[in-house]
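Sequences listed follow chains A and B, in order.
Using the working numbering, read the first sequence as starting at 12 and increasing by one per residue.
Using the working numbering, read the second sequence as starting at 12 and increasing by one per residue.
Even glycine gets a Cβ: it sits at the ideal position worked out from N, Cα and C.
Beneath this line is the structure, given in structure tokens, with notes to follow.
2 protein chains.
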Amino acid sequence: MIKAATKKIAEAETTTQVAQETPTSTDNESATDKVAEAITQGIRTGIFVPGQHLLEPDLTRRLGISRGSLRESLKHLAAAGIVTLNRYRGAYIGLLDRTATLQLLDTLEPLARLAARLAAENCKTPAAQSKIEHALAALERATRSGNRAHYLESRRAFYDAMIDLGGNRELARVIPLSRTDLFRAQIETVQSDVQRKRHASGYGPIAKAIVAGDPKKADMAVKKHFDGTRKTMSELPDNIFPTMT
Amino acid sequence: MIKAATKKIAEAETTTQVAQETPTSTDNESATDKVAEAITQGIRTGIFVPGQHLLEPDLTRRLGISRGSLRESLKHLAAAGIVTLNRYRGAYIGLLDRTATLQLLDTLEPLARLAARLAAENCKTPAAQSKIEHALAALERATRSGNRAHYLESRRAFYDAMIDLGGNRELARVIPLSRTDLFRAQIETVQSDVQRKRHASGYGPIAKAIVAGDPKKADMAVKKHFDGTRKTMSELPDNIFPTMT
DNA sequence: TCGTCAATATCGTTTGACGATTTGATCAGA
DNA sequence: TCTGATCAAATCGTCAAACGATATTGACGA
Chain A
12 MIKAATKKIA
22 EAETTTQVAQ
32 ETPTSTDNES
42 ATDKVAEAIT
52 QGIRTGIFVP
62 GQHLLEPDLT
72 RRLGISRGSL
82 RESLKHLAAA
92 GIVTLNRYRG
102 AYIGLLDRTA
112 TLQLLDTLEP
122 LARLAARLAA
132 ENCKTPAAQS
142 KIEHALAALE
152 RATRSGNRAH
162 YLESRRAFYD
172 AMIDLGGNRE
182 LARVIPLSRT
192 DLFRAQIETV
202 QSDVQRKRHA
212 SGYGPIAKAI
222 VAGDPKKADM
232 AVKKHFDGTR
242 KTMSELPDNI
252 FPTMT
Chain B
12 MIKAATKKIA
22 EAETTTQVAQ
32 ETPTSTDNES
42 ATDKVAEAIT
52 QGIRTGIFVP
62 GQHLLEPDLT
72 RRLGISRGSL
82 RESLKHLAAA
92 GIVTLNRYRG
102 AYIGLLDRTA
112 TLQLLDTLEP
122 LARLAARLAA
132 ENCKTPAAQS
142 KIEHALAALE
152 RATRSGNRAH
162 YLESRRAFYD
172 AMIDLGGNRE
182 LARVIPLSRT
192 DLFRAQIETV
202 QSDVQRKRHA
212 SGYGPIAKAI
222 VAGDPKKADM
232 AVKKHFDGTR
242 KTMSELPDNI
252 FPTMT
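Here it is, written out as structure tokens:
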């Protein structure tokens, strides 16, 4: 049975299509950055599955780049925690067990709350308010659409808008380095619709508090959002997490 | 589609190993990792100065590695914010202006406070307590010695001990990705002795609260420490920061 | 059935090469 | 003299090929 599963993974690897050139990509991007972007996008869209083994020869063929550039990309992604490198064994898409997920939430929460507070403090102009509201509207639209990649993209866009509004560059640098995208991509595939809805509904109060310019309320809204996520986590069965052997 | 992805997760579970890196120091370091370590250490010792331009030919000669490996290292360091890469212009050791420094403190503070709380909660055994006390003793010794590299090293070791004790792996991953080392290395060269002493004295109460197993007090001690650092920052003249051209 | 050992696949690293871009100096003209 | 264009050198981004090192796999024999 192990063999069969392995074969299925192999099939998925070989039949996976290269992510077509992103229409929004700028020409200023280097090849290695484009590859990194392709992989992160592939995780969002489900082309790459958490835990999947990435083979250098395969990736170089599919992405049409040299091995050196690919390895630079993998180094970059490894530093961001998206892939893990095992010496002489290659790269794997990151995989979070239950403990790692809870620790991720503990780490991310204070950063997200800081981001919300800063955003609320700086949300004075109508332009800023509309940016948050637009991001929220897009997120709600994506939630209704049921398209997983679209939802994950909008969710990240909402965070980006919030962080950008706050104006703290270091925060903007660090938050994406937490493995939130990985966590979301992994959970998104296993949670129920009601859990998904619960999670998505948490962004409304956050946006409202930010637009109202109320840092304290924004902070609390984010805290509540994280508490809800922890609740969802506690409801998920053990078998969706990798087993440590 | 979501169903399919779920199935993929299940398959990945059975066929892929949990990417679990060995937390302790492993000697199976690759050359690129060693180079990255050499550069960060070089920053601590003052061999590399913030803002310095790193030339690939020079570094390959000096470090005795190939260009490919060096570039992988630089990619890793860039992801960690230690160096910044400019297309066709090369790599520069990161440089923080006053605003970036304050934003760095704002971002790092909640993480450090979380680390202190977790450490205090888990500091039940005598072994754990002695580890913190040893780290503090080494830090105080380094402070008295006046050796800058030694002090920066001990300071990081103290943080590492605290983070390790807390047991949150994600926090352990994210905190080094903030550019604290860069900030410290930059400030260390310009602050006065009284400022240096003030900063170093902040670690005593933190360690004491952790050893006492008092999360709340540890949290407050870290907050005070950061407030002191902000005060030091406000006392530093503008001319020590890079001028934005 | 289980352990041993060779074959294979993949990774880590080096070397060399080529075009693309920036940089700095040179030089002509106002 | 100053200004601007021109050109050569330096450096970077990328590719290709190769070699040893290591892990994985599968066959073989006890």
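Quiz item: Would the stretch 142-152 of chain A and the stretch 212-220 of chain A be scored as touching if the rule is three or more Cβ pairs under 8 Å?
Solution: With the cut-off at 8 Å, the stretch 142-152 of chain A and the stretch 212-220 of chain A touch.
Practice problem: Decide if Asp136/B is buried, meaning its Cβ has at least 16 other Cβ atoms within 10 Å, or exposed. | Solution: Residue mapping note: residue 136/B aligns to position 125 of the second sequence, counting from 1. What sits at residue 136/B in the sequence shown is Thr, not Asp. Answer is exposed; the Cβ neighbour count stays below 16.
Quiz item: For Ala151/B versus Gln206/B, is the C-beta spacing smaller than 9 Å?
Solution: Start at 1 with the first residue of the second sequence, and residue 151/B comes out as number 140. Start at 1 with the first residue of the second sequence, and residue 206/B comes out as number 195. Note on residue identity: the sequence assigns Glu, not Ala, to residue 151/B. Taking the C-beta atoms as reference points, Gln206/B is found no nearer than 9 Å to Glu151/B.
Practice problem: With a 10 Å radius around its C-beta and 16 neighbouring C-beta atoms as the bar for buried, classify Lys86/B as buried or exposed. | Solution: Along the second sequence, read from residue 1 onward, the residue named residue 86/B stands at position 75. Counting of Cβ neighbours within 10 angstroms places Lys86/B among the buried residues, the total reaching 16 or more.
Exercise. Can you give me the Cβ contacts of Leu74/B inside the same chain, cut-off strictly under 6 Å, excluding the 5 residues immediately before and after it?
Key: For the purposes of this step, residue 74/B is taken as residue 63 along the second sequence, with counting starting at 1. Non-local C-beta neighbours of Leu74/B in its own chain, meaning closer than 6 Å and more than five positions away in sequence, comprise Val46, ordered along the chain.
Quiz item: What residues of chain B sit near Pro1/A, judged by a beta carbon separation below 8 Å?
Solution: Outside the displayed range of chain A (12 to 256) lies residue 1/A, so it cannot be described from this structure.
Quiz item: In chain B, which residues lie less than 7 Å from Val185/A when you measure between Cβ atoms?
Solution: Within the first sequence, the letter at position 174 stands for residue 185/A. By Cβ distance, chain B contributes Thr118, Val185, Leu188 and Ser189.
Quiz prompt | Ala123/A, buried or exposed, once every other Cβ within 10 Å from all chains shown has been counted against 16 | solution = On the first sequence, residue 123/A is found 112 positions in, with the first residue counted as 1. The Cβ neighbour count for Ala123/A, taken over all protein chains shown within 10 Å, is at least 16; the residue is labelled buried.
Quiz item: Between which two residues does the alpha helix (DSSP H) harbouring Ile217/B extend?
Solution: In the second sequence, counting from the first residue as 1, residue 217/B sits at position 206. Note, Ile217/B: alpha helix (DSSP H), Tyr214 to Val222.
Quiz item: Taking all protein chains shown into account, do 16 or more other C-beta atoms lie within 10 angstroms of the C-beta of Ala102/A, making it buried, or fewer, making it exposed?
Solution: Taking the first sequence and counting its residues from 1, the one referred to as residue 102/A is at position 91. Ala102/A is buried by the Cβ-count criterion.
Practice problem: Could you tell me whether the stretch 194-205 of chain B touches the stretch 150-168 of chain B, where touching means 3 or more Cβ pairs closer than 8 Å? | Solution: Inter-segment contact for the stretch 194-205 of chain B and the stretch 150-168 of chain B is present: three or more beta-carbon pairs are separated by less than 8 Å.
Quiz item: Mind checking whether Ala232/B and Leu176/B have CB atoms under 9 Å apart?
Solution: Here the question's residue 232/B lines up with position 221 in the second sequence. Here the question's residue 176/B lines up with position 165 in the second sequence. Cβ atoms of Ala232/B and Leu176/B: not closer than 9 Å.
Quiz item: Ile186/B by DSSP, collapsed to three states: which one?
Solution: The residue labelled residue 186/B in the question sits at position 175 within the second sequence. In the three-state DSSP reduction, Ile186/B falls in the helix class (H, G or I).
Exercise. For Ala229/B, count neighbouring C-beta atoms within 10 Å of its own C-beta (all shown protein chains included) and say buried if the count is 16 or more, exposed if not.
Key: Residue numbering aside, residue 229/B sits at position 218 when the second sequence is read from its first letter. Counting Cβ neighbours within 10 Å, Ala229/B comes out buried, since at least 16 surround it.
Exercise. Would you mind stating whether Glu181/A and Ala111/B have Cβ atoms separated by less than 9 Å?
Key: Numbered from 1 along the first sequence, position 170 holds the residue referred to as residue 181/A. Numbered from 1 along the second sequence, position 100 holds the residue referred to as residue 111/B. Cβ distance < 9 Å, so Glu181/A and Ala111/B count as in contact.
Quiz item: Which value, in whole angstroms, describes the spacing of the CA atoms of Gly239/A and Phe59/B?
Solution: Within the first sequence, numbered from 1, the residue matching residue 239/A stands at position 228. Within the second sequence, numbered from 1, the residue matching residue 59/B stands at position 48. Their Cα atoms are separated by approximately 46 Å.
Quiz item: In its own chain, which residues sit with a C-beta less than 6 Å from the C-beta of Ile54/B, not counting the 5 before and 5 after it?
Solution: If you number the second sequence from 1, residue 54/B lands on position 43. Contacts found: Ala196.
Self-check item: Beta-carbon gap between Ile104/B and Pro68/B smaller than 9 Å
Solution: Here residue 104/B corresponds to residue number 93 of the second sequence, with the count starting at 1. Here residue 68/B corresponds to residue number 57 of the second sequence, with the count starting at 1. For the 9 Å CB-CB criterion, Ile104/B and Pro68/B do not form a contact.
Quiz item: Given that His87/B touches chain A, what residues does it touch there, using C-beta distances under 8 Å?
Solution: The residue given as residue 87/B occupies position 76 in the second sequence. Neighbours of His87/B in chain A, taken as residues at a C-beta separation under 8 Å, are given in chain order as Lys86, His87, Ala89 and Ala90.
Quiz item: Going by beta carbon distance, what residues of the same chain come within less than 7 Å of Phe169/A, once the five residues before and after it are set aside?
Solution: Against the first sequence, residue 169/A aligns to sequence position 158. Ala146, Leu147, Leu150 and Tyr214.
Quiz item: For the beta strand (DSSP E) that Leu96/B lies in, which residues bound it at each end?
Solution: Looking up residue 96/B in the second sequence gives position 85. Leu96/B -> beta strand (DSSP E) spans Val94 to Asn97.
Practice problem: State the Cα-Cα distance for the pair Asp171/B and Lys142/B, rounded to the nearest angstrom. | Solution: Taking the first residue of the second sequence as position 1, residue 171/B is located at position 160. Taking the first residue of the second sequence as position 1, residue 142/B is located at position 131. The straight-line gap from Cα to Cα measures roughly 11 Å.
Exercise. Could you pull out every residue in the same chain whose Cβ sits closer than 8 Å to the Cβ of Lys18/A, ignoring the five residues on either side in sequence?
Key: Locating residue 18/A in the first sequence gives position 7, counting from the first residue. Here Lys18/A scores only 32 on pLDDT, less than 50, and its place in the model should not be relied on; the value that follows carries that caveat. Excluding residues within five positions, none has a Cβ falling inside 8 Å.
Exercise. With Ile104/A as the anchor, note down where its beta strand (DSSP E) starts and where it stops.
Key: As a working note, residue 104/A is residue 93 in the first sequence. Here the beta strand (DSSP E) through Ile104/A covers Gly101 to Ile104.
Self-check item: Cβ-based contacts, 7 Å cut-off: residues of the stretch 119-132 of chain A near chain B
Solution: Cβ contacts with chain B come from Pro121, Leu122 and Leu125.
Exercise. Output, in sequence order along the chain, the residues in the stretch 203-218 of chain A whose CB is closer than 9 Å to any CB in chain B.
Key: Identification of residues in the stretch 203-218 of chain A having a C-beta nearer than 9 Å to some C-beta of chain B yields an empty set.
Exercise. Answer with buried or exposed for Leu66/B, where buried requires no fewer than 16 other C-beta atoms within 10 angstroms of its C-beta.
Key: The residue you call residue 66/B lines up with position 55 of the second sequence. The residue in question, Leu66/B, is exposed, as its Cβ has fewer than 16 Cβ neighbours within 10 Å.
Quiz item: From this set, Asp225/B, Met244/B and Phe237/B, which residue's C-alpha is nearest Gln203/B's C-alpha?
Solution: For the purposes of this step, residue 203/B is taken as the residue at position 192 of the second sequence. The amino acid at residue 203/B is misidentified as Gln; the sequence shows Ser. Considering only alpha carbons, the answer is Met244/B.
Self-check item: Distance between beta carbons of Thr51/B and Ile93/B, contact taken as under 8 Å
Solution: Against the second sequence, residue 93/B aligns to sequence position 82. Against the second sequence, residue 51/B aligns to sequence position 40. Contact holds; Cβ gap of about 6 Å.
Exercise. Just the chain B side, please: which residues come within less than 8 Å of Glu246/A by C-beta, in chain order?
Key: To locate residue 246/A, count along the first sequence from 1; it is residue 235. In chain order: nothing, as chain B lies at least about 16 Å away.
Quiz prompt | For His64/A: DSSP bridge partner residues | solution = Position 53 of the first sequence, counting from 1, holds the residue named residue 64/A. Bridge partners of His64/A: Tyr103/A.
Quiz item: Phe194/B lies in the alpha helix (DSSP H); which residues open and close that run?
Solution: Indexing the second sequence from 1 puts residue 194/B at position 183. In the DSSP assignment, Phe194/B falls within the unbroken alpha helix (DSSP H) covering Thr191 to Glu199.
Self-check item: Identity of the residue in Arg78/B, Gln63/B and Glu120/B nearest Thr95/B by Cα
Solution: In the second sequence, the residue the question calls residue 95/B occupies position 84. Answer by Cα proximity: Gln63/B.
Exercise. Using a threshold of 9 Å, state whether the C-beta atoms of Ala91/B and Arg190/B are closer than that.
Key: In the second sequence, residue 91/B corresponds to position 80, counting from 1. In the second sequence, residue 190/B corresponds to position 179, counting from 1. A distance below 9 Å separates the beta carbons of Ala91/B and Arg190/B.
Quiz item: For Asp44/B, which option in Leu70/B, Ser80/B and Thr118/B has the closest C-alpha, if you only look at C-alpha atoms?
Solution: What you label residue 44/B is simply residue 33 of the second sequence in a count that begins at 1. Looking at the Cα atoms, Ser80/B is the closest of the given residues.
Quiz item: What residue range is occupied by the uninterrupted alpha helix (DSSP H) comprising Ala89/A?
Solution: As a position in the first sequence, residue 89/A is number 78, starting the count at 1. Arg78 to Ala90 is the extent of the alpha helix (DSSP H) around Ala89/A.
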